[in-house]
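Colleague: Residue numbers for the sequence shown follow our numbering, beginning at 9 and rising by one. Backbone N, C-alpha and C define an ideal beta-carbon position, used for all residues, glycine too. Predicted, not measured: the structure shown is a model, and the values here were computed from it.
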Amino acid sequence: MVSGPGGVGKGTVVRQLVDRDPGLWLSRSWTTRPRRPGEDADAYVFADRAQFEAERDRGGFLEWAEFLGNLYGTPRPQAPEGRDVLLEIDVQGAAQVRGLDADALLVFLLAPSGDELARRLQSRGDPPERIAERLAAARDEEAVAKSLGAEVVVNDDLDATVDSLLQLIDARRARSGR
Numbered sequence: 009m010v011s012g013p014g015g016v017g018k019g020t021v022v023r024q025l026v027d028r029d030p031g032l033w034l035s036r037s038w039t040t041r042p043r044r045p046g047e048d049a050d051a052y053v054f055a056d057r058a059q060f061e062a063e064r065d066r067g068g069f070l071e072w073a074e075f076l077g078n079l080y081g082t083p084r085p086q087a088p089e090g091r092d093v094l095l096e097i098d099v100q101g102a103a104q105v106r107g108l109d110a111d112a113l114l115v116f117l118l119a120p121s122g123d124e125l126a127r128r129l130q131s132r133g134d135p136p137e138r139i140a141e142r143l144a145a146a147r148d149e150e151a152v153a154k155s156l157g158a159e160v161v162v163n164d165d166l167d168a169t170v171d172s173l174l175q176l177i178d179a180r181r182a183r184s185g186r
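1. I'd like to check one pair, Val-93 with Ser-172: are the Cβ atoms closer than 8 angstroms?
2. CB-CB under 8 angstroms to Val-22, same chain, minus the five flanking residues each way: which ones, in chain order?
3. Over what stretch of residues does the beta strand (DSSP E) that includes Asp-92 continue unbroken?
4. Compare the C-alpha of Gly-77 against each of Thr-20, Gly-67, Glu-141, Ala-168 and name the closest.
5. Please state the DSSP three-state secondary structure of Glu-47.
6. State buried or exposed for Asp-98, treating a residue as buried only when at least 16 other CB atoms are found within 10 Å of its CB.
7. Let me confirm a value: Lys-154 is counted as buried when at least 16 other C-beta atoms fall within 10 Å, else exposed. Which label applies?
8. Using 8 angstroms as the threshold, is the C-beta distance between Gly-19 and Ala-49 below it?
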């Protein structure tokens with residue numbers, strides 16, 4: 009699982025992980041938030057609240073949470089044989105998954121600083137009030153991630169960050185005999 013505050017670069021890091029490790033399979037999450045300008049159409053399954061709630065009520069999500077007024081959920085993974093499931097997930101969801109699988113690897117990404125995180129949020133078009141909410145939430149998310157035993161990685165250089173995550177994944181595979 010890769011988690012971290014909004015704007016930290018989770019999506020970019022996760023795409024690089026999947027590109028560099030053919031043994032990973034990315035589960036695409038659902039959300040009720042609107043698609044951001046310039047955001048890939050396949051970044052999420054964009055659903056309205058009624059669609060999301062119907063999927064949740066039929067048991068279609070491994071985990072789900074509400075964050076800043078929007079719903080987010082991870083469908084029950086159906087990875088191809090022999091591939092490891094990679095989840096891009098918030099810490100609420102990570103806590104739920106950790107409850108189902110205590111051995112799941114959780115990596116929490118941090119920006120190099122609060123100022124850098126604010127800059128990244130601005131550059132993706134978040135309005136000032138949403139940036140303030142996300143910065144406040146980031147502090148709480150970090151504390152929750154640490155309480156879950158997350159590996160914390162600072163995303164200050166994309167290649168180095170991806171290399172660090174690949175090393176963590178390889179170490180976990182080695183411990184589990186895969």
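Modeller: Quick answer:
1. no
2. Val-10, Leu-34, Leu-94, Glu-96
3. 92-95
4. Glu-141
5. coil
6. buried
7. exposed
8. no
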